[in-house]
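To start, the structure itself, in structure tokens.
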Amino acid sequence: MYDDNKGKVYIMKSGLLIIPLMLLLWQPVISQKSFVGIGLQHGLPLGNLKETAGSVQMPGIHGLAMYNLPNSPIYAGLEAGYSIYGTELTKLESLMPGTRQNHRVRRNNNLLHLMGTLRLMPDWPTKIKPYAEVGAGALHAYTRSKIRENRTSEAISAGTEHFDWAFAYQTGLGIMTPVTPNTFLEIGIKYFQSQPLEYLTRRDAKYIGNEVYFHTRKSHFIMFQPVIRISGTF
């Protein structure tokens, strides 16, 4: 049986072992370049997030901008990303007072993160370049809903129903390989963890008549994230 805690310790130890090895073998043979990238990630829940919210899936998109510190294998930059971890459509009759019209309530559960990031990536004279990175910043969990008469009509009402913020950090390992002289494909995996915060899942909004009631949950957001990204140097 898989142990989440052992998995977390394994990837953190792997990163700690690889970083000094990469520093030991690093030689500044080729000039480094800064880069920007955009990619996809998919969060797989671990620990008390999985215990509290179940097997929620968290597909998302992110962007990354990294600056190479002069004469070093270290990059510093920012990562920003968005994920959705649940959506629910509820069809109700006479939701708006004084009407007999059916309405559609679409509710999305979202995550935003913004992190300062450090990456260690020696510029070895090889096509495939391994890297290790760490990041720290903020996680924003929020739930928004929109009410429409039908699928294509304008929203009658829209707004944020719940939100919370928490400190978060991540560690990661990956490889970067060229597609063209200035374009690279990145493949990696990250371990992501936040401090506890309150949030809603797709099962946490209940209607009694026209009133909606929410059941909030509280846990860390802990996940593994496979990542794929296209980056360009400048």
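The numbering of the sequence shown is the numbering used here, which starts it at 41 and goes up by one.
We put the beta carbon where it would ideally sit given N, CA and C, even for glycine.
Computed from a predicted structure; not experimentally measured.
Between Ala208 and His153, the CB-CB gap stays under 8 Å.
Its chain contains His82, Ile229 as the residues whose beta carbon lies nearer than 6 Å to that of Pro266, once the 5 sequence neighbours on both sides are disregarded; these appear in chain order. The C-beta of Gly175 has 16 or more other C-beta atoms within 10 Å across all chains shown, which makes the residue buried. For Asn111, no beta strand (DSSP E) segment is defined, and its DSSP state is neither H nor E. For Ala93, the enclosing alpha helix (DSSP H) begins and ends at 87–93. Setting aside the 5 residues that flank it on each side, Asp244 is surrounded in the same chain by Phe254, His255, Thr256, Arg257, each with a C-beta closer than 8 Å to its C-beta; the list follows chain order. Taking a contact as a CB-CB distance under 8 Å, the pair Leu158 and Ala206 does not count as one, their CB atoms being some 21 Å apart. Rounded to the nearest angstrom, the gap between the Cα atoms of Glu189 and Gly177 is 39 Å. Look at Trp164 here: in three-state DSSP terms it is coil, with no helix or strand label. Contact check between the segment 185–204 and the segment 215–227: fewer than three CB pairs, one atom from each, fall below 8 Å, which does not count as touching.
Separation of Phe75 and Val252 (C-alpha to C-alpha, rounded to the nearest whole angstrom) is 46 Å. Sequence-distant Cβ neighbours of Ala195 in its own chain, meaning closer than 8 Å and more than five residues away, are Lys186, Ile187, Arg188.
In this structure, Gly94 sits away from Leu118, with a CB-CB distance that is not shorter than 8 Å. In the structure shown, Asp204 adopts extended strand secondary structure according to DSSP, grouped into three states.
Across the structure, Met106 and Thr166 are spaced so that their CA atoms are roughly 20 Å apart. Annotation: Ser193 is outside any beta strand (DSSP E) and is labelled neither H nor E by DSSP. Note on geometry: alpha-carbon atoms of Gln210 and Ser234 lie some 9 Å from one another. Closest in C-alpha terms to Pro236, from the list Thr192, Tyr122, His180, Ser259, comes Ser259. Relative to the Cα of Glu128, the nearest Cα in the group Asn150, Tyr122, Pro113 belongs to Asn150.
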